[in-house]
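First comes the structure, then the notes that go with it.
Number of protein chains: 2
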Amino acid sequence: MYYAVIMAGGSGTRLWPLSRQRRPKQALKLIGQRTMFQYAVDRIAPIFPPERILVVTRGEHAALLMEQVPELLPENFIVEPEGRGTAPAIGLAAIHLHGKDAAALMAVLTADHYITDAEGFRQVLVIAAQVAEAGHLVTLGIKPTSPSTGFGYIHHGVDLGTIDGLPTFQVERFVEKPDFETATQMMESGDYSWNSGMFIWRVDRILAEFERQLPEFYNQLTEVAATLRQPAYEATLKRVWPKVTKQTIDYGVMEGAADVAVIPVSIGWTDVGSWGSLLTLLPADRDGNILIGPHIGINTRDTLVFGDKRLIATIGVQGLVIIDTEDALLVCPKEQEQEVRAMVDQLKQAGLSQWL
Amino acid sequence: MYYAVIMAGGSGTRLWPLSRQRRPKQALKLIGQRTMFQYAVDRIAPIFPPERILVVTRGEHAALLMEQVPELLPENFIVEPEGRGTAPAIGLAAIHLHGKDAAALMAVLTADHYITDAEGFRQVLVIAAQVAEAGHLVTLGIKPTSPSTGFGYIHHGVDLGTIDGLPTFQVERFVEKPDFETATQMMESGDYSWNSGMFIWRVDRILAEFERQLPEFYNQLTEVAATLRQPAYEATLKRVWPKVTKQTIDYGVMEGAADVAVIPVSIGWTDVGSWGSLLTLLPADRDGNILIGPHIGINTRDTLVFGDKRLIATIGVQGLVIIDTEDALLVCPKEQEQEVRAMVDQLKQAGLSQWL
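Chains as they are written, first to last, in the numbering used here: chain G, 24 to 379; chain Z, 24 to 379.
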C-alpha cells in the first residue's frame, strides 16, 4: 500500500516571533485560514485516507498537531524524543511502516512548504509511486523559477522515460546551495531542479540503503524496531535516540544511494522558511505591501505587516518586515531576515526562554 | 498673591499612539516615572502651595489629571468645554483668579515641556514676579541651543535692568517660526530667545489687554465672570464658549501689547512635542539607541524603542521610531515623525475612533 509520511518535526526558528518552541511553524496560520500542517494534510487527503497518513513530530508538538487534524489516527503520530535530522526521522518512520506492511510504498512529504497546484501535486505523487514501485528512490525536483541560492540543486542525468507527460531522470549529482552565478547557469541549462526534500520509495529499498550506508544507525533502528507495538518501545527509543548521530537524508543516504531518480515538477511550490518567503507568496497590494491585520500607512512600500493583535501604523518605511504577536514584536528589513535565527540564538543564550 | 496656572488642555497628537483623546500627552509618562503633568506640578511645588496652583484643562481630561496630583484642589481645575486656543484659556483662568484676588500675580506655565534645572526655573519665576509686579507682561525666553525652525523667536529690545544676575529686555518683536538660515543668524546674534509660551503678569494687566485688543472676547469673558461661583456658571460657559473666536495669546495679545518684557533663561528646557524630541532628551546608549521596555537588537542604531507591553526585537534598523502600546503600534523613521499628525487625521477621517 501507498503511505504518506508528513515530516512535521521542525521548529521554524526563522519565523520568530510567530513560531515558538511550543508553537512551531507547521502549526501556524501563515497563509490564509489553515495552518501549514493542515494544508499538508488537505492536499493529499483526496489520495491518502487518514489511516495511511503518518506524521513524524516531536513530543512537545504532537498534541497540538493532533488537535489541528483530528481525523488522523493518534497511533499514526510517530514521536521523536528529540530531533536528530531528517535521516533518523525518516528511518524511524520507515520501521513503523515496515512493521505495518513490508511492501509499503512511502511518500516522504513536508509540512513547511506551500503548494498552489495541489491537484498537480497529487498527480505527481501517483506517477512517482509507479517509478518507486520499480525500485527507484524518487526525489521530487522543483523546476527553478529563480536562480535561488537558498536551495540545494539536483543535476538530471539519463532520461528514464516519461509517464503521463512527466519525465523522470536518473540523478547525476546533488549540488549544495550554490552561489548566484552557478545558480543562474544551472537554472538556464534546464538540467537542474531544486531539491524539495520530498521523496517516494519502497520502504524495503530505503531500509536497505540505511543498512548499507549508515550501518550503525541501522543497528540502532533494528533495536527500536524489535520493540514495536510492545511496552518497551518508548523506553528503548528514549535510550537509543540520544546516541543516534545527526544526519540529513540528503548527505547520509541520497548522495550515495543507487538508483536515485528525480521527477522535475512545476506545482507552485514555495518553501515557507522565512518572512521573506511570504513576501513572494502572498498577494501584494499596488504599493507592494502585504498587510495582515489592521494597518494604516503613509509612504509605505514593499513591506510585510503581519499581525492581528493591534493597529499597526507605518510611515515612510520600505522593504520592512513587521511581525507582531501578543508578547513579542519584530522589525527587520527583509534583506536582513536571515539574522532572525541569530536573534533567537541570542534569546537562548540570554536565557530569555519566555520568548523562545 | 502669586498663582501658577498650568495649561494642560492639549492633546499631543504628534505623540500618537501613546497619546490619545482620553490619554493626552500631559498625562503620559514620557520621561522617567512621573507624567508630564506631575513634573509640571513637582517643579513649582516648592514655591506654590496647592491652593495657589490652578489648572486649565478640558472636561474629558480633568478627572485623570486630578487623580495624578491629588494634592491639588478640585475647584482649582478650570475646565474648558472645548479648546479655543491659548488666549481664551488664559482669559478664562484670568477671570477666575481675578475673582479670587483682584491683585493676583499670574504665572502661565506649561505641562508639555520638560525642564532639567527645576531649581533655576523656580528662581526665574520669583524674579519674573518682581518684573511683572511693576506692570510688565513678562514672557520667559529660552536661550537657543540650536537654530531650531520649530519655535517662534523673540527679539530682545531695550535692556530693562538685571535682577540677581538675570537681565530683562523689552520685547522688540515676536518672530514667527523662521527658516534655517534666519534661525542660525538669530541664534548667533545673541539677541533672540525662543518663545516658551510661559508668561508672568498681573491679572489686572492681562485683563486690560484683553479689553483693549480683543474687546469681543472680553465681553464674552465678562458674561462668564458675572456667574462665577453661581449655579449658572457652567451653563453660561457652555453657551458662550462655542462662540469664542479661536486665538493664540501670542498673536491675539502679546504682539500688540504694551510693556512686554522678556527674560532669557537657560534652564534645560525641552518642548516634548514629538517622538523626535525624546531622542534628544533621553540618554542614548553607545549605539545611539533609546530603549524603553524589553528589547533585543542586532545592528540597531539611533533608534527609539518605546514600549513596555512586549519584547521588541529589531534587526538592521537605523533612525527608526518604534512606539508600542496595548492596541496600536507605530513604526516611522525619525525624520518623518511630522507625518504622525497626518496619520491621526487619517484615522479621524476613516472614523477609526477606537484608536484616536
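Just so you know, even glycine gets a beta-carbon here, dropped at the ideal spot from N, CA and C.
Within 7 Å (strictly less), CB to CB, does Z:PRO356 reach chain G?
yes
Under 7 Å, Cβ to Cβ, is there at least one residue of chain Z near G:VAL340?
yes
Rounded distance between the beta-carbons of G:ILE177 and G:ILE150, thought under 8 Å
About 17 Å separates the two Cβ atoms, so there is no contact after all.
Find out if the Cβ-Cβ distance for the pair G:ILE345, G:ILE321 is shorter than 7 Å.
no
Any beta carbon of chain G sitting closer than 7 Å to that of Z:TRP378?
yes
Environment of Z:LEU96 [buried if 16+ CB atoms lie within 10 Å]:
Counting C-beta atoms within 10 angstroms of its own C-beta, Z:LEU96 has fewer than 16 neighbours from the protein chains shown and is therefore classed as exposed.
With distance defined between alpha-carbon atoms, name the residue in G:ILE54, G:SER300, G:LEU334, G:GLY33 nearest to G:PRO104.
Out of G:ILE54, G:SER300, G:LEU334, G:GLY33, G:GLY33 has the C-alpha closest to the C-alpha of G:PRO104.
Whose Cβ in chain Z lies nearer than 8 Å to the Cβ of G:VAL363?
ILE338
Tell me, please, whether the CB atom of G:ILE313 is closer than 7 Å to any CB atom in chain Z?
no
Can you tell me the Cβ-Cβ gap for G:PRO287 and G:SER216, rounded? I've got them flagged as a contact below 8 Å.
4 Å
Identify whether Z:PRO190 lies in helix, strand or coil by the three-state DSSP scheme.
Z:PRO190: strand per DSSP, three-state reduction.
Roughly how far, in whole angstroms, is the beta-carbon of G:ILE315 from the beta-carbon of G:PHE329, given that I think they are within contact range, below 8 Å?
5 Å
Just tell me which of G:TYR26, G:ARG37, G:ALA31, G:TYR25 has its CA closest to the CA of G:GLU360.
Answer by Cα proximity: G:ARG37.
Counting along the chain, where does the beta strand (DSSP E) carrying G:THR162 start and finish?
160–165
Is it true that the region 227–238 of chain Z meets the region 276–295 of chain Z, where meeting means three or more beta-carbon pairs spaced less than 8 Å apart?
yes
In DSSP terms, what Z:TRP292 is bridged to:
Z:ILE138
Taking the runs of the beta strand (DSSP E) that are 3 residues or longer, which of them lie wholly in the region 59–143 of chain G?
76–81, 100–103, 128–133, 136–138
Cβ-based burial, G:LYS266 [other Cβ within 10 Å; buried from 16]
exposed
Proximity test, Z:ALA307 beta-carbon vs the ligand MG heavy atom, cut-off 6 Å
This structure does not include the ligand MG; it has no bound ligands of any sort.
With a threshold of 8 Å on Cβ separation, who are the neighbours of G:ALA50 within its own chain once the five nearest residues in sequence on each side are excluded?
The beta carbon of G:ALA50 is closer than 8 Å to those of THR58, MET59, PHE60, HIS84, LEU87, LEU88, GLN91 in its chain, skipping five residues each way along the sequence.
Look up Z:GLY320 in the DSSP assignment and say whether it is helix, strand or coil.
strand
Write down every uninterrupted run of the beta strand (DSSP E) in the region 187–264 of chain Z whose length is 3 residues or greater and which is fully enclosed by it, in chain order.
189–198, 215–225
To the nearest angstrom, how far is it from the Cα of G:ILE29 to the Cα of G:LEU163?
15 Å
Using only the alpha-carbon positions, how far apart do Z:PRO93 and Z:THR80 sit?
15 Å
Any beta-carbon of chain Z closer than 7 Å to the one on G:ASP350?
Yes - at least one Cβ of chain Z is within 7 Å of the one on G:ASP350.
Give a yes or no on whether 7 Å exceeds the smallest Cβ distance from Z:GLN359 to chain G.
yes
Straight-line gap, G:TRP378 to G:ASP350 (C-alpha atoms, nearest Å):
Taking the straight line from one Cα to the other gives about 8 Å.
Residue-chain proximity (G:ALA335, chain Z), Cβ-Cβ < 7 Å:
The sequence given here places Ile at residue 335 of chain G; Ala does not occur at that position. It does; some Cβ of chain Z falls within 7 Å.
Cα separation between Z:GLY114 and Z:SER212?
34 Å
Going by other Cβ atoms of all chains shown within 10 Å of its Cβ, with 16 needed for buried, is G:ASN242 buried or exposed?
exposed
Output, in chain order, the set of chain G residues within a Cβ distance shorter than 8 Å of Z:PRO40.
LEU334, ALA336
Buried or exposed, going by whether 16 or more other CB atoms sit within 10 Å of the CB of G:THR109?
buried
Less than 8 Å between C-beta atoms, sequence neighbours within five positions excluded: which residues of the same chain meet that for G:PRO306?
ILE313
Specify, as a first and last residue, the run of the beta strand (DSSP E) that G:MET30 falls within.
25–30
Contact list for G:GLN369 against chain Z, beta-carbon separation under 7 Å:
ILE319
Ordered along the chain, which non-local residues of its own chain (more than five positions away) have a Cβ less than 7 Å from that of G:GLN153?
The beta carbon of G:GLN153 sits closer than 7 Å to those of ILE186, all from its chain and outside the five residues before and after it, given in chain order.
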